[in-house]
Amino acid sequence: MQVAPRQREDDTMELMRYVDDLRQELITAAEAGDARTREVAERLVAPLSASVRLVLLDALSAAADEITRELAPGAVEVRLRGLDPGFVVTLPPSEEPSDESARPFAQPFNGTPPLAPPDAPAAPGAPGAKDGATARVNFRPPEQLKARIEEAASREGLSVNAWLVRAASAMLHHEDPGRRSERRAPQVSQNYTGWVK
Numbered sequence: 190m191q192v193a194p195r196q197r198e199d200d201t202m203e204l205m206r207y208v209d210d211l212r213q214e215l216i217t218a219a220e221a222g223d224a225r226t227r228e229v230a231e232r233l234v235a236p237l238s239a240s241v242r243l244v245l246l247d248a249l250s251a252a253a254d255e256i257t258r259e260l261a262p263g264a265v266e267v268r269l270r271g272l273d274p275g276f277v278v279t280l281p282p283s284e285e286p287s288d289e290s291a292r293p294f295a296q297p298f299n300g301t302p303p304l305a306p307p308d309a310p311a312a313p314g315a316p317g318a319k320d321g322a323t324a325r326v327n328f329r330p331p332e333q334l335k336a337r338i339e340e341a342a343s344r345e346g347l348s349v350n351a352w353l354v355r356a357a358s359a360m361l362h363h364e365d366p367g368r369r370s371e372r373r374a375p376q377v378s379q380n381y382t383g384w385v386k
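In the working numbering, the protein residues as written are 190 to 386.
And the structure:
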């Protein structure tokens with residue numbers, strides 16, 4: 190059973206405070222100049238709001254991607270609610286869920302996200318599992334497989350990259366080290382879904 194992410198109205202981050210702070214700092218800096226400098230600064234600051242919001246959203250998105258790489262197979266997502274971003278943390282799946290309530294789900298960010306449940310150690314070779322380094326891989330699946338991956342990522346609410354990292358980490362984590370070279374039959378209980386940015 191797929192549990193939908195829980196959202197509350199107070200889970201958003203108010204960006205206008207930061208935009209207003211920057212606007213005030215620029216006006217204060219311009220006051221040191223002459224009347225012409227103050228006039229130019231006021232004209233430049235007026236349309237600044239949209240640009241600053243975009244830069245802040247880009248920085249938050251990049252931070253969420255960085256955290257997701259370290260949290261894999263969990264994820265952190267930035268979602269817009271109106272004009273303000275909200276954070277959703279998807280916990281890594283536990284090793285053997287005993288019932289439906291133990292399955293991974295997305296939940297709103299409300300402070301410091303738990304990196305993993307106590308009974309779910311980091312997957313060997315997963316980002317953040319001792320080495321902490323990330324690597325770039327060029328992956329070129331057939332078009333039909335690519336579409337299925339994008340669809341699965343979309344259903345899970347993840348980027349394709351986060352979904353692929355989660356899928357690979359989970360598969361390697363559950364693999365028997367003595368039988369790594371053998372092909373295994375797919376396990377019916379494992380489903381991977383997500384979304385694409």
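Don't be surprised by glycine CBs; every beta carbon is placed ideally from N, CA and C.
CB of residue i within 7 Å of CB of residue j, strictly
| i | j | result |
| --- | --- | --- |
| residue 241 | residue 267 | no |
| residue 227 | residue 218 | no |
| residue 253 | residue 244 | no |
| residue 270 | residue 323 | no |
Expected contact under 8 Å - CB spacing of residue i and residue j to nearest Å
| i | j | result |
| --- | --- | --- |
| residue 349 | residue 359 | Incorrect: roughly 16 Å between the Cβ atoms, too far for contact. |
| residue 215 | residue 230 | 6 Å |
Close Cβ partners of residue i (< 6 Å) along its chain, the five nearest in sequence each way excluded
| i | result |
| --- | --- |
| residue 250 | 267 |
| residue 305 | Any reading at residue 305 needs caution, since the residue's pLDDT is 38, under 50, leaving its predicted position unreliable; the model's value is listed next. Once the five neighbours on either side are set aside, the close Cβ partners of residue 305 are 281. |
| residue 262 | 281, 355, 358 and 359 |
| residue 224 | none |
Close Cβ partners of residue i (< 8 Å) along its chain, the five nearest in sequence each way excluded
| i | result |
| --- | --- |
| residue 338 | 330, 349, 352 and 353 |
| residue 211 | 237 and 241 |
| residue 202 | 249, 273, 274, 275 and 276 |
| residue 298 | Bear in mind that the predicted position of residue 298 carries a pLDDT of just 45, short of 50, making it too unreliable to give a figure here. |
Bridge-paired residues (DSSP) for residue i
| i | result |
| --- | --- |
| residue 266 | 277 |
Cβ-heavy atom distance, residue i to the ligand COA, below 6 Å
| i | result |
| --- | --- |
| residue 349 | Ligands are entirely absent from the displayed structure, and the ligand COA is therefore not among its contents. |
Min CB distance residue i to chain B below 7 Å
| i | result |
| --- | --- |
| residue 226 | Looking for chain B here will not work: only one protein chain is present. |
Quiz item: In the segment 224-267, which residue ranges form an unbroken alpha helix (DSSP H) of at least 4 residues, counting only runs that do not cross its ends?
Solution: 224-234 and 237-260
Exercise. With a floor of 4 residues, list each alpha helix (DSSP H) that falls wholly inside the segment 315-354, ordered by position along the chain.
Key: 332-345
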